[in-house]
Each structure stands twice: as C-alpha cells, then as structure tokens.
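Visitor: This is the structure, below, for whatever I ask next.
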Amino acid sequence: MKAEDMKIDLKEMKEFKRKNAEERLDFVRYWANYIKTHSDKEWSKQQNVLINSQIKK
Amino acid sequence: MKYFKERNEIILDKEINELDKFVIDFCSLLDNYVLVSGYVSILFGRSRATEDVDLLVPEINEEDFEKLWKKIYDNGFWCINTPDSKEAFGMLKEFAIRFAKEKAVPNMEFKMIKKDFDRYSFENKIKVIINSKELFVSPIEMQIAFKLFLAADGIEEELRVDKDIEDANHLYNLFKDKLNNNEFLKIINKMGINERLKLLK
C-alpha cells in the first residue's frame, strides 16, 4: 500500500490517542501500586533491566 | 521503602542499578547538593531511562570550584562543556554544566542554586539511604509540583502523555498518603498551576 491509498479516520485516530494516553497513565498507576505492595528488591530487579540496558559497560 | 517523615528520611532496600552507581559516585564527591527532577522519580522506581541527572549545589566561589573540579577529574569524571575549569566556572554562573564518566550519557547536570524554588528544595531535602549509601533529593511535594509545572503547554489530552506528568503521577501515587498536603498546595498556588492538579490521578 502506498500513502496515497491509505485511508485514515481522524476521529478514530483521536480516540486512539485518548486511549493510548489513558493506558499509559493506567500503567504508571499500576506500577506505583506494584512498588508499594512489593519489596524494593523485587521491583528494582525489574526496573534495572531497563535502566542497565541503557548504560552498558 | 520506608519513609520517616519526621526526620526527612527514606530507606530503600533496592538493587542498585548502573544509573544509581553513577549518581552515588558523583555525589560522594560533593559536600552539599540536592538531586531534583527526573532522577528522583527514577530513584523511586519509575520505569524509564534518562540521559541526565539534575543536581543543584549552593553558590560556590572560584577557588572552591577549582578544588572540586580537580576532585571530579581525579575520580574519572569529565566536563562535557569544556575541559577548562575557568571557562566552566564562567558558564556555571549562567548555565548548567555537565559531567560524565567515560561516555557522555548519562551525565550530571550541575547547576548552582539561584532561584527560591531551588533553595526550597535544598533546604528541605530528603536523605535517601540505599544500602548504606546516602543521596539527598528534593522534597516529594516540590517534585510533584515542579513536574506538573514543567510539562509542556497543551490541552489535557496532550498533557496526559507528557513524561513530566507521568513522573508527577508516579510520585503522587507512590507517596499520596504521606504528602504534606498543606505545603503541597502552597507550592502549587505559588507556581500558578492549580489547573494541572486534575492531571494527578
């Protein structure tokens, strides 16, 4: 498919954007709650996979 | 995570990551400082990476800066802006300067305290103890307010995906039972961002 053949429903896109924002914030809340209900060791092990992958020695 | 509000202290029993090590290494060279902005959220678990770590230090004179510069270089850090300490000191009066170790990312954004809200963060800083190491961070109330303030201007829909709003929400959800609401609302009022409170959920 070429760009000229693509059909984009802007109303649908706007709804996608709204849902995406909501889902991102839902995850932020979910993760904050996870931190509150799990040991520091448990959540930090998961967080470190992301952080350490950025800073490879 | 244990927050002892009465003594402005948080104890973290987390596994230290490469970013924490970098920050602890740099901060151990300083007598007085406060960490602000994104790293504070990351230190408390926010699942995102960062290029830089913002740090504020009290005003420093040229002689003390020279001594600190030597200490920083002796410990393997280097200044991204300039290799010349005099030039760096000149820059510091106006801007932040950045120090890195080996690679340019991550780096410490080193800034002198100039504004009242910087001073507030410094004077009310929280001691964070991580596996017997210490770091000093800005009070949570100020962090949440500052992140709400920092987010780009836009309609509510756009703001919700802003990383600063996400950082604010992370800290808010984590510490909402422990916040000094009176102090928090005073900061929000001073920053003129009452409208943005609705972005905290």
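Sequence order for the protein chains is A and B. Every number in my numbering is 74 more than the matching position in the first sequence, counting from 1. One point on numbering: in my numbering, the residue at position 184 of the second sequence is 178, and numbering is uninterrupted. For each residue, glycine too, the CB sits at the ideal point set by N, CA and C. Keep in mind it's a predicted model, so treat the numbers as computed, not measured.
Which residues in chain B have a C-beta closer than 7 Å to the C-beta of residue 83(A)? List them in chain order.
Guide: Residue mapping note: residue 83(A) aligns to position 9 of the first sequence, counting from 1. What residue 83(A) touches in chain B: nothing, since even the nearest Cβ is about 17 Å away.
Visitor: Along the chain, which unbroken stretches of the alpha helix (DSSP H) at least 4 residues long are found entirely within the segment 65 to 145 of chain B?
Guide: Those alpha helix (DSSP H) runs which fall completely within the segment 65 to 145 of chain B and span 4+ residues are 79 to 88, 110 to 117 and 134 to 144.
Visitor: What residues from the segment 101 to 120 of chain A come within 8 Å of chain B, judged by C-beta to C-beta, listed N to C?
Guide: 102, 103, 105, 106, 107, 109, 110, 113, 114, 115, 117, 118, 119 and 120
Visitor: Smallest Cα separation from residue 167(B): which of 102(A), 82(A) and 96(A)?
Guide: Numbered from its first residue, the second sequence carries residue 167(B) at position 173. The candidate whose alpha carbon is nearest that of residue 167(B) is 102(A).
Visitor: By Cβ distance below 8 Å, which residues in the same chain neighbour residue -2(B) in space, the five residues on each side in sequence not counted?
Guide: Within the second sequence, residue -2(B) is the residue found at index 4, counting from 1. Correct list, in chain order: 4 and 5.
Visitor: Following the continuous beta strand (DSSP E) through residue 82(A), name the residue where it begins and the one where it ends.
Guide: In the first sequence, residue 82(A) corresponds to position 8, counting from 1. Residue 82(A) -> no beta strand (DSSP E), and no H or E assigned at all.
Visitor: Starting from residue 13(B), find everything on chain D with Cβ-Cβ shorter than 7 Å and list it in chain order.
Guide: The structure shown contains no chain D; its protein chains are A and B.
Visitor: Run through chain A and tell me which residues come within less than 7 Å of residue 8(B), C-beta to C-beta.
Guide: Within the second sequence, numbered from 1, the residue matching residue 8(B) stands at position 14. Here the neighbours are 114, 115 and 118.
Visitor: Which residues does DSSP list as the beta-bridge partners of residue -2(B)?
Guide: The residue labelled residue -2(B) in the question sits at position 4 within the second sequence. Answer is 3(B).
Visitor: I want to verify the contact list: residues of chain A whose CB lies under 8 Å from the CB of residue 160(B), in sequence order.
Guide: Here the question's residue 160(B) lines up with position 166 in the second sequence. Simply 98, 99 and 102.
Visitor: Does any C-beta atom of chain A lie closer than 8 Å to the C-beta of residue 39(B)?
Guide: For the purposes of this step, residue 39(B) is taken as the residue at position 45 of the second sequence. By this cut-off, residue 39(B) is an interface position.
Visitor: By DSSP's criteria, residue 28(B) is part of a beta bridge. Which residues make up the other side?
Guide: The sequence position of residue 28(B) within the second sequence is 34, counting from 1. In the DSSP output, where bridge partners are listed per residue, residue 28(B) has 50(B).
Visitor: Would you kindly work out how many angstroms separate the C-alpha atoms of residue 79(B) and residue 172(B), rounded to a whole number?
Guide: For this step, residue 79(B) is matched to residue 85 along the second sequence. For this step, residue 172(B) is matched to residue 178 along the second sequence. Going by the C-alpha atoms only, they are around 42 Å apart.
Visitor: Do you know how far the Cα of residue 122(A) is from the Cα of residue 98(B)?
Guide: Reading the second sequence from its first residue, position 104 is the one you call residue 98(B). Reading the first sequence from its first residue, position 48 is the one you call residue 122(A). When rounded, the distance between both Cα atoms is 20 Å.
Visitor: Between the segment 40 to 51 of chain B and chain A, which residues of the former have CB atoms less than 7 Å from a CB of the latter, in chain order?
Guide: Contact residues of the segment 40 to 51 of chain B toward chain A are 41 and 43 (C-beta to C-beta distance below 7 Å).
Visitor: Can you check whether the CB of residue 130(B) is closer than 8 Å to the CB of residue 17(B)?
Guide: Along the second sequence, one-based indexing puts residue 17(B) at 23. Along the second sequence, one-based indexing puts residue 130(B) at 136. For residue 17(B) and residue 130(B), no; Cβs fall outside 8 Å.
Visitor: Check distances from the C-beta atoms of the segment 87 to 113 of chain B to those of chain A and list, in chain order, the residues that come in under 9 Å.
Guide: Result list: 96, 97, 99 and 100.
Visitor: Taking 8 Å as the threshold (beta carbon to beta carbon), is residue 77(A) in contact with chain B?
Guide: In the first sequence, the residue the question calls residue 77(A) occupies position 3. Taking Cβ atoms only, chain B never reaches closer than 8 Å to residue 77(A), which makes this a no.
Visitor: Buried or exposed: which applies to residue 100(B), given that a residue is buried once 16 or more other Cβ atoms fall within 10 Å of its Cβ?
Guide: Mapped onto the second sequence, residue 100(B) falls at position 106. When all chains shown are included, residue 100(B) counts as buried.
Visitor: Where does residue 43(B) sit, in a helix, a strand or coil, going by DSSP?
Guide: Here residue 43(B) is taken as the residue at index 49 of the second sequence, counted from 1. Note: residue 43(B) maps to coil in three-state DSSP.
Visitor: Are at least three pairs of beta-carbons, each pair with one atom in the segment 116 to 123 of chain B and one in the segment 112 to 128 of chain A, less than 8 Å apart?
Guide: no
Visitor: Which class does residue 9(B) belong to by DSSP, given the choice of helix, strand or coil?
Guide: Here residue 9(B) refers to the residue found at position 15 when the second sequence is read from its first residue. DSSP places residue 9(B) in coil when its eight states are reduced to three.
Visitor: Would you say residue 192(B) reaches chain A, if we count a Cβ-Cβ gap shorter than 8 Å as a contact?
Guide: Reading the second sequence from its first residue, position 198 is the one you call residue 192(B). Taking Cβ atoms only, chain A never reaches closer than 8 Å to residue 192(B), which makes this a no.
Visitor: Is the distance from the Cβ of residue 182(B) to the Cβ of residue 191(B) below 8 Å?
Guide: Here residue 182(B) corresponds to residue number 188 of the second sequence, with the count starting at 1. Here residue 191(B) corresponds to residue number 197 of the second sequence, with the count starting at 1. Yes, the Cβ-Cβ distance between residue 182(B) and residue 191(B) is below 8 Å.
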